[in-house]
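S.K.:
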């Protein structure tokens, strides 16, 4: 059994679950600053994620803990490279949580509502910036990071941050289409269509920019027979985007969220094709960065025992709170 590969797959699964689940509630947080126009609508938006938002972050803990235990060499490079965006990300998540809890009982409610939306925006932006810098790679001497405190700043990483903000907002809008009704739902449909156009523009920009700036990625995608093997990814992305647009135009309620999740998973597959098998792009593969087999086996046994329980809890929670949102959250 290839333990490094199995650990990598568990981390990839945990990241995908986090991006989808926490992505839509970060999106709802950002949209809560702009979509509501009537009394009580903001309560409805926040009520749509109240039962699930903290459980969604469980997957972030899983991914971070697995990365530390299974790939410590990659962790030792990524952590100093991302000190600033990682601190911003964690601070934003904590502040967002505090704002979420204080908001219903505070005298100055609008301050905490702004904090909740701002924390959601900063968390999404920081994630996107780290993603962009990961794709670009890092300045290393041996296995030591030498890029400095601000090495993650570049035009590409900033664009990636903006793209993730738009993507999470699209996820949030698609979720709200399913969870709301009436005039508020109409605004969610319109917002989702505008955000889909923005997300597709970012996807197109990344698809052109990345192979032009990274010859190794261009070679991965456009050499034969890789072109044949990987061509379903962009083709399916185009089909899913069209179906998502149609679902919004036809005012279907559940399909937009399903298609948006599919769009994210296809983008994730494209990222995997571009960066495989590196734990640190073009420097360390997952096998170079892996901890000893005994450590990996110990961690994997624990994770594989707990994973079904976390999945069952997640599915049960969403099943219990399915249907339209109510504004009764306090």
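In our numbering, the protein residues as written are 1 to 330.
Glycine included, every Cβ here is placed at the ideal spot set by N, Cα and C.
Here the structure is a predicted model, which is why all the values come from computation and not from measurement.
1) Alpha carbon to alpha carbon, how far is residue 164 from residue 2?
2) The beta strand (DSSP E) with residue 177 in it runs from where to where?
3) With distances taken from CA atoms, which of 14, 41 and 166 is nearest residue 57?
4) Among residues of its own chain, excluding the 5 on either side of residue 343, which ones have a beta-carbon nearer than 6 Å to its beta-carbon?
5) Which same chain residues, not among the five before or five after residue 17, have their C-beta less than 6 Å away from its C-beta?
6) Whose CA, out of 251, 299, 258 and 137, lies closest to the CA of residue 6?
7) What is the C-beta distance between residue 113 and residue 32, in whole angstroms, given that I count them as a contact (C-beta under 8 Å)?
8) Return the chain-ordered list of same chain residues with a C-beta closer than 8 Å to the C-beta of residue 357, the five sequence neighbours on each side being excluded.
9) By alpha-carbon positions, which one of 322, 50 and 323 ends up nearest to residue 101?
10) Can you name, in chain order, every residue of its own chain whose Cβ lies under 8 Å from the Cβ of residue 42, other than the five neighbours on each side?
11) Comparing C-alpha positions only, which one of 4, 264 and 104 sits nearest to residue 332?
12) Please name the residue, chosen from 162, 64, 99 and 243, that lies closest to residue 124 on a Cα-to-Cα basis.
13) When the Cβ atoms of the segment 79-93 are set against those of the segment 303-322, are three or more pairs found closer than 8 Å?
14) Out of 261, 193 and 119, which has the shortest C-alpha to C-alpha gap to residue 91?
15) Give me, in chain order, the residues of the same chain whose beta-carbon lies closer than 7 Å to that of residue 270; leave out the 5 immediate sequence neighbours on both sides.
16) Grab the span of the alpha helix (DSSP H) containing residue 111 for me, first residue to last.
17) Please look up how many angstroms separate the CB atoms of residue 73 and residue 143, rounded, as I've assumed it's under 8 Å.
18) If we ignore side chains and look at the alpha-carbon of each, how far apart do residue 246 and residue 284 end up?
19) Measure from the alpha carbon of residue 66 to the alpha carbon of each residue in 301, 218 and 44, then state which is nearest.
M.R.: Reading off the structure:
1) 32 Å
2) Looking at the DSSP string, residue 177 is not in any beta strand (DSSP E); the run it does join, the alpha helix (DSSP H), is 155-179.
3) 14
4) Beyond the ends of the chain as shown, which are 1 and 330, falls residue 343; an answer cannot be given.
5) The beta carbon of residue 17 sits closer than 6 Å to those of 59, all from its chain and outside the five residues before and after it, given in chain order.
6) 299
7) With a contact defined as Cβ atoms closer than 8 Å, residue 113 and residue 32 qualify at about 7 Å.
8) This structure does not reach residue 357, given that the chain is present from 1 up to 330, and the question cannot be answered.
9) 50
10) Answer for residue 42: 32, 36 and 113, listed in chain order.
11) Lying before the first or after the last residue shown, residue 332 is absent from the chain, which here runs from 1 to 330.
12) Answer by Cα proximity: 162.
13) no
14) 119
15) 233
16) Counting along the chain, the alpha helix (DSSP H) containing residue 111 begins and ends at 109-136.
17) Right, the Cβ-Cβ distance comes to about 6 Å (below 8 Å), so this counts as a contact.
18) 42 Å
19) Of all alpha-carbon atoms in 301, 218 and 44, the one lying nearest the alpha-carbon of residue 66 is that of 301.
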